[in-house]
Amino acid sequence: MQDDTLIIAGKAYSSRLLVGTGKYKDMDETREAIETSGAEIVTVAIRRTNIGQNPDEPNLLDVISPDKYTILPNTAGCYTAKDAVRTCQLARELLDGHDLVKLEVLGDQKTLYPNMVDTIEAAELLIKDGFKVMVYTSDDPIIAKCLEEMGCVAVMPLAGLIGSGLGICNPHNIRLIIENAEVPILVDAGVGTASDAAIAMELGCDAVLMNTAIAGAKNPVLMASAMKKAIEAGREAFLAGRMPKKAYASASSPIDGTFF
Amino acid sequence: MFIVSRIVYLKRRFKGVILNIILNDESRTVAENCTVQQLLADMDIVGQRLAVEVNEEIVPKSRHDSFVFSEGDKVEIVHAIGGG
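Heads up: the protein sequence lines correspond to chains A and B, in order.
Read in order, the letters of the first sequence correspond to residues 17 to 276 in our numbering.
Read in order, the letters of the second sequence correspond to residues 1188 to 1271 in our numbering.
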């Protein structure tokens, strides 16, 4: 498994688990959970600085250092292509020219389902502007292929709604997307527990991105450890190739040589 | 009495040279010729990882000490926070 690396935008990663940094109790818990997960790519959100509030509050990027992690700024909260592009441009300035971004343009507050019309528009503008776009998308295989052909460096279909923990709701669509893809496919959103992560990897996903499944666990650091193992187990099972399913039993012990 | 006269003096001294800007959706006044760098210094956030935008245009770090605000500028200062 030494050389089983994930390559995104030309850079190799040994971990296939990408994690978010939202919803943690405090910075210490954030740092500990992320270290335990073994993730090398970590998402952050871009928001206004607090003016005159808690000036001593530690900065997230002091805890999750860009020297140690690949920071993946997201466009969470954006409902238009324009806001998403603006957010990415601010993120690039913030991170000294770092141009890998997670594009998500939302369409509805209740479901946080992606607005694919604006997502495609934003992806086009960002790619033209030199960004390397990892794109959050619905699990439509045709849209996913379209995003790949536009030049997105990774396509990230939802497996369930953001923050829902509903698991891999439509494994058949995820599989269709994977079968057709020539860029990394990551399940982004939906994973609720370790078995969900393993299922995503067994389907052949290149990686999984999650936040709430870890941060929302009773013990986030322990869940981060579980997720790390589930991703590795799922990946190895995928590479190993599972046995075919059969309708009837097939004895594991030889039938010959019985003495009874 | 001294304070009142001081305020009157300051108002005269800076008459017409105080600029109103909108910083992160809040009104703020800055002196004429105030640069981005000076604003960050006033806010005590120099050296932090942040990005500055004025009227929806990025002001790159290399221009923080030369970019001067104009009346009515809409300024956004952002940083990275936890998110998924």
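Glycine included, C-beta positions come from ideal geometry on N, C-alpha and C.
Note that the structure is a prediction, hence the values are computed from the model and not measured.
Is residue i helix, strand or coil when you go by DSSP?
i	result
residue 120 of chain A	coil
residue 184 of chain A	coil
residue 260 of chain A	coil
residue 150 of chain A	strand
residue 172 of chain A	strand
residue 1244 of chain B	strand
residue 189 of chain A	helix
residue 196 of chain A	helix
residue 177 of chain A	coil
residue 1223 of chain B	helix
residue 86 of chain A	strand
residue 1255 of chain B	strand
residue 1233 of chain B	coil
residue 274 of chain A	coil
residue 1249 of chain B	helix
residue 42 of chain A	coil
residue 80 of chain A	coil
Where DSSP assigns a beta bridge to residue i, which residues make up the other side?
i	result
residue 1269 of chain B	A:60
residue 1210 of chain B	B:1213, B:1262
residue 73 of chain A	Answer by DSSP bridge pairing: none, since residue 73 of chain A is not bridged.
residue 265 of chain A	The partner list for residue 265 of chain A (beta bridge, DSSP) is empty, contrary to what the question assumes.
residue 66 of chain A	For residue 66 of chain A, which the question treats as bridged, DSSP gives no partner whatsoever.
residue 29 of chain A	A:22
residue 160 of chain A	DSSP output for residue 160 of chain A lists no bridge partner at all.
residue 1238 of chain B	B:1265
residue 55 of chain A	The partner list for residue 55 of chain A (beta bridge, DSSP) is empty, contrary to what the question assumes.
residue 1205 of chain B	B:1218
residue 35 of chain A	A:58, A:226
Please report the Cβ distance between residue i and residue j, rounded to the nearest whole angstrom; I am assuming they are in contact, meaning their Cβ atoms lie under 8 Å.
i	j	result
residue 107 of chain A	residue 89 of chain A	4 Å
residue 1260 of chain B	residue 1233 of chain B	Between residue 1233 of chain B and residue 1260 of chain B the Cβ distance is about 19 Å, and since that is not below 8 Å, they are no contact.
residue 1266 of chain B	residue 65 of chain A	5 Å
residue 1245 of chain B	residue 109 of chain A	5 Å
residue 53 of chain A	residue 240 of chain A	4 Å
residue 1219 of chain B	residue 1204 of chain B	4 Å
residue 236 of chain A	residue 40 of chain A	7 Å
residue 43 of chain A	residue 79 of chain A	5 Å
residue 102 of chain A	residue 1213 of chain B	So it is not a contact: roughly 19 Å between Cβ atoms.
residue 115 of chain A	residue 146 of chain A	6 Å
residue 26 of chain A	residue 1271 of chain B	Their Cβ separation, rounded to whole angstroms, is 24 Å, which puts residue 26 of chain A and residue 1271 of chain B out of contact at 8 Å.
residue 190 of chain A	residue 168 of chain A	Actually they do not touch by this definition, with Cβ atoms about 17 Å apart.
residue 1254 of chain B	residue 1217 of chain B	12 Å between Cβ atoms; not a contact.
Using a Cβ-based criterion (distance less than 7 Å to any ligand heavy atom), does residue i qualify as near the ligand GTP?
i	result
residue 51 of chain A	Among the components of this structure there are no ligands whatsoever, and the ligand GTP is therefore not found.
Worksheet item: If you scan the stretch 199-256 of chain A from start to end, which runs of the beta strand (DSSP E) of 3 or more residues do you find wholly inside it?
Response: 202-204, 223-226
Worksheet item: Contact between the stretch 26-38 of chain A and the stretch 232-249 of chain A: three or more CB pairs below 8 Å?
Response: yes
Discussion item. I want to know whether the stretch 154-167 of chain A touches the stretch 196-212 of chain A - three or more CB-CB distances under 8 Å.
Written reply: yes
Worksheet item: Any contact of the stretch 121-134 of chain A with the stretch 1246-1258 of chain B, i.e. 3+ C-beta pairs under 8 Å?
Response: no
Worksheet item: Is it a yes or a no for the stretch 128-144 of chain A touching the stretch 73-82 of chain A, going by three-plus beta-carbon pairs under 8 Å?
Response: no
Practice prompt. Give a yes or no on contact between the stretch 201-217 of chain A and the stretch 167-187 of chain A, applying the rule of three or more CB pairs nearer than 8 Å.
Written response: yes
Worksheet entry | Whole runs of the beta strand (DSSP E) within the stretch 89-143 of chain A, excluding any shorter than 3 residues | 116-119
Item to complete: Report yes or no: do three or more beta-carbon pairs, one from the stretch 251-271 of chain A and one from the stretch 53-65 of chain A, lie closer than 8 Å?
Response: no
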